[in-house]
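Numbering (our numbering), first residue to last: 119 to 325. Cβ atoms here follow ideal geometry from the backbone N, Cα and C, with glycine treated the same way.
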Amino acid sequence: METESSSRKLMEADSAKSPGCGRRGRRICLCASAAVLGLGLLLLILGLTVFKARRPTTRVDSVALDDLDFSLDLARLRVAVNVTLALGLTVHNPNRVGFKYRNGTALLRHRGNDIGEVPVPAGRIGARDTRSLNLTLALMADRIVSDSAMFNDFVSGTLPIQAYVKLSGKVRIVFSIHVATYTTCDVDVMLRNQTLSNLKCHYRTKL
Ligand SMILES: *[C@@H]1O[C@H](CO)[C@@H](O)[C@H](O)[C@H]1NC(C)=O
Ligand SMILES: *[C@@H]1O[C@H](CO)[C@@H](O)[C@H](O)[C@H]1NC(C)=O
Ligand SMILES: *[C@@H]1O[C@H](CO)[C@@H](O)[C@H](O)[C@H]1NC(C)=O
Ligand SMILES: *[C@@H]1O[C@H](CO)[C@@H](O)[C@H](O)[C@H]1NC(C)=O
119 METESSSRKL
129 MEADSAKSPG
139 CGRRGRRICL
149 CASAAVLGLG
159 LLLLILGLTV
169 FKARRPTTRV
179 DSVALDDLDF
189 SLDLARLRVA
199 VNVTLALGLT
209 VHNPNRVGFK
219 YRNGTALLRH
229 RGNDIGEVPV
239 PAGRIGARDT
249 RSLNLTLALM
259 ADRIVSDSAM
269 FNDFVSGTLP
279 IQAYVKLSGK
289 VRIVFSIHVA
299 TYTTCDVDVM
309 LRNQTLSNLK
319 CHYRTKL
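Below, the structure is given as structure tokens:
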């Protein structure tokens, strides 16, 4: 009998103490969570406005044929060719901080095959600044020595080529944010009069 009642008393005492912090504790809890919420909201607003990372934009200003020499070897169905394409790009960085990009490569492609490349040296574009890049893409003759699709295009008189430029780097706003821009231009080289036509450029940015 006695032991039962004393254990009940113990339980009552426990339940009286247990509702956490009590009234004062609850007020502190409320204040702390309001402060955390407020700080979170402030950071969210700053993140969405001042510190928001924006996508750099790329524009192709010029594509020109610098050099085109070719000779067809009809007996062996081969073509000996030198082609150089000059590409002028401008990259705009809309962020309030600089955009730093790493060493990269620009590629010249023909029907999905890489036929030439040129290094794009690492650089930095200042806050809200624009930078122009002039790239000279030369075809590497050894890669196409026995390419029958290339030979067929030379016989037909139109050589479709593609220039591909990727710039990848980061924008540092509180954290480093990875940014990459991809530029692809398709163009037809009219072999008879050595002109370019059907230039189409596509731009893509990844944040
Ligand atoms: C391409 O250029 C190389 C070296 O610059 C030269 O030896 C070759 O004859 C050229 N080919 C054509 C088809 O002009
Ligand atoms: C970038 O390329 C340059 C020369 O083209 C080289 O000196 C430098 O070390 C390279 N940087 C990186 C990070 O690979
Ligand atoms: C690229 O070429 C254009 C015109 O051809 C010139 O105005 C510009 O300064 C060049 N940019 C660089 C970085 O050499
Ligand atoms: C070059 O030739 C193509 C057809 O092969 C023609 O459509 C184009 O107008 C010509 N361009 C010039 C500048 O003569």
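- In the structure shown, LEU192 adopts coil according to DSSP, grouped into three states.
- ALA150 carries a helical assignment under DSSP once its states are collapsed to helix, strand and coil.
- Within the DSSP bridge table, the entry for LYS170 names no partner.
- Between the region 213-224 and the region 184-201, the count of Cβ pairs shorter than 8 Å is below three; the stretches do not touch.
- Closest by C-alpha distance to ASP184, out of TYR300, ALA256, VAL178, GLY234, is ALA256.
- Between THR167 and the set LEU317, ILE291, TYR321, THR323, the nearest pair of CA atoms involves ILE291.
- Counting every other CB atom within 10 Å of its CB across the protein chains shown gives LEU207 a total of 16 or more, marking it as buried.
- Distance between PRO239 and LEU192, taken at the CA atoms: about 40 Å.
- Looking at the DSSP output, ASP185 sits in a beta bridge with THR202.
- Within the same chain, and ignoring the five residues on either side of LYS318 in sequence, the residues whose Cβ sits closer than 8 Å to its Cβ are CYS303, ASP304, VAL305.
- Contact between the region 281-288 and the region 222-237 is present: three or more C-beta pairs spanning the two stretches fall below 8 Å.
- Look at GLY230 here: in three-state DSSP terms it is coil, with no helix or strand label.
- Membership of MET268 in the alpha helix (DSSP H) is indicated by the continuous run 266-274.
- In summary, PRO174 is buried, with 16 or more beta-carbon neighbours lying within 10 Å of its beta-carbon over all protein chains present.
- In the DSSP assignment, ASN252 falls within the beta strand (DSSP E) that extends over 247-256.
- Non-local beta-carbon contacts of GLY244 in its own chain, meaning distances under 6 Å to residues more than five positions away in sequence, involve GLY216 in chain order.
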